[in-house]
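Working notes, structure below.
Right under this line is the structure:
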């Protein structure tokens, strides 16, 4: 006990110094060399904060745009490169799920290069799609470098510039994103109905699909009502392509119409009062949506063999290692991380609305740990 008391007497004066946070165990020389400190204001001025991320660009709309465009370029680069890698390993005589493929099964489900009984008969479409992704990633990467390094730090307010508290501009940005999502859903509908069809595991071939537009049937899935009765799996219980394509058509119509509404409208009074209008809040809302998407995909992959055919992803309910289990696990894990991010940034957003800045999550943990040692 005497040794512990003596150690405490030596440590506490150090922690109480002005630079105590930077000398604490949390802030090793390596972390300090990377610019990671417990001072959120200092983090924003350092050249390379370890975990500050895009927080450095919260008031620099041009740099934030560059970060987002570059991020999109990395995603597209991975998709193109991974598709080429899987194509180089593809053996058309073996099921895709036995070859641990994760991207080619998606392309096969869209009916690309697939013949009767789900047999791969043409790999050229896979190559074309991979190259289009690689070319697109180069364009996005160049745009990211320009806006992140060379372009203006702040965008013109009369153009694409914005202010976080400007509800009109924020809802316009939301509207643009909704329209883009609606176009993406519409493209799937067109592929299924007009551009060659998609693979139907029930008949074992690629066919044209007529979307089911019955709103009671489609929206009933949201509440767990499937063609076979109520089920806990909800949307994931869909058992035919007509409902899947019809659901995407409804999503497209709602996203595009909602997006147009938000582009030309301003936030209502209740929205201004109920929502928090700052960058942390918008990030929180986005992460909440990603969490929902991750959990939804994990559920679909686990129980649905129409959207994720067993021919390409393996049988449902397998207890051993499988592509289906891996995809479900990864999406569930990513959904959980996004949920944690949603909760953290929601907390940050409320704190920021009161004028409090905690910095990163680890900054908050380190600060609380140091305060506990000094008391």
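In the working numbering, the protein residues as written are 823 to 1197.
The C-beta atom is built at its ideal place from N, Cα and C for all residues, glycine as well.
Please go through the same chain and pick out, in chain order, the residues whose beta-carbon is closer than 8 Å to the beta-carbon of residue i, but skip the five residues on each side of it.
i	result
residue 1037	1072
residue 1041	1072
residue 1035	1068, 1071 and 1072
Does any C-beta atom of chain B lie closer than 7 Å to the C-beta of residue i?
i	result
residue 959	Absence of chain B from the displayed structure is noted, only one protein chain being present.
Between the options, which has its C-alpha nearest residue i's C-alpha?
i	options	result
residue 935	999, 1139, 1111 and 1029	1029
residue 955	1003, 904, 932 and 1001	904
residue 1065	915, 1015 and 976	1015
residue 1044	1033, 1031 and 1059	1059
residue 1154	976, 1114 and 1078	1114
residue 951	918, 939 and 908	908
residue 979	1171, 1034 and 988	988
residue 961	895, 1079 and 889	895
residue 1008	1075, 996 and 977	1075
residue 1151	1170, 974, 1122 and 912	1122
residue 1024	1047, 1006, 1049 and 1062	1062
residue 1158	976, 1012, 1119 and 1103	1119
residue 1091	973, 885 and 990	990
residue 944	912, 972 and 957	912
residue 927	1134, 1171 and 1128	1134
residue 996	1035, 1033, 1096 and 1105	1105
residue 1170	1102, 1140 and 1147	1102
residue 949	925, 1138 and 972	925
residue 1067	1088, 1006 and 879	1006
residue 1039	1096, 1069 and 1172	1069
residue 1107	1127, 1165 and 976	1165
residue 1055	921, 1126, 929 and 1033	1126
residue 1088	992, 975 and 1168	992
According to DSSP, is residue i helix, strand or coil?
i	result
residue 984	coil
residue 1177	coil
residue 1052	strand
residue 1027	strand
residue 1043	helix
residue 1005	helix
residue 942	strand
residue 1104	helix
residue 1020	strand
residue 1138	coil
residue 998	helix
residue 936	strand
residue 1144	coil
residue 1032	coil
residue 922	coil
residue 1166	helix
residue 1157	helix
residue 974	coil
residue 914	coil
residue 1119	helix
residue 880	coil
residue 1060	coil
Which whole-angstrom value describes the C-beta separation of residue i and residue j, a residue pair presumed to lie in contact below a C-beta threshold of 8 Å?
i	j	result
residue 892	residue 966	3 Å
residue 959	residue 887	Incorrect: roughly 17 Å between the Cβ atoms, too far for contact.
residue 970	residue 885	6 Å
residue 998	residue 1081	7 Å
With a CB to CB cut of under 6 Å and the five nearest residues on each side skipped, what residues in its chain are close to residue i?
i	result
residue 994	1085
residue 1077	1000, 1003 and 1004
residue 1021	931, 933, 936 and 1028
residue 1057	1043
residue 1178	none
residue 1144	1136
residue 986	1100 and 1101
residue 1053	1046 and 1059
Residues in its own chain within less than 7 Å of residue i by CB, not counting five upstream and five downstream?
i	result
residue 1160	1109, 1112, 1113 and 1116
residue 1175	1098 and 1100
residue 1162	none
residue 906	952
residue 1094	989
residue 855	Confidence at residue 855 is low in this model, with a pLDDT of 46, below 50, so the placement of that residue should be treated as unreliable; the coordinate-derived value is given next. Result list for residue 855: empty, nothing under 7 Å.
residue 1026	938, 939 and 940
residue 1147	1140
residue 963	892 and 895
residue 1124	1150
residue 914	942
residue 1049	1061
residue 883	976, 977, 983 and 984
Under DSSP, the alpha helix (DSSP H) around residue i begins and ends at which residues?
i	result
residue 1066	1063-1086
residue 911	883-911
residue 1091	1091-1096
residue 1129	Where residue 1129 is concerned, there is no enclosing alpha helix (DSSP H), given that its DSSP letter is neither H nor E.
residue 930	926-931
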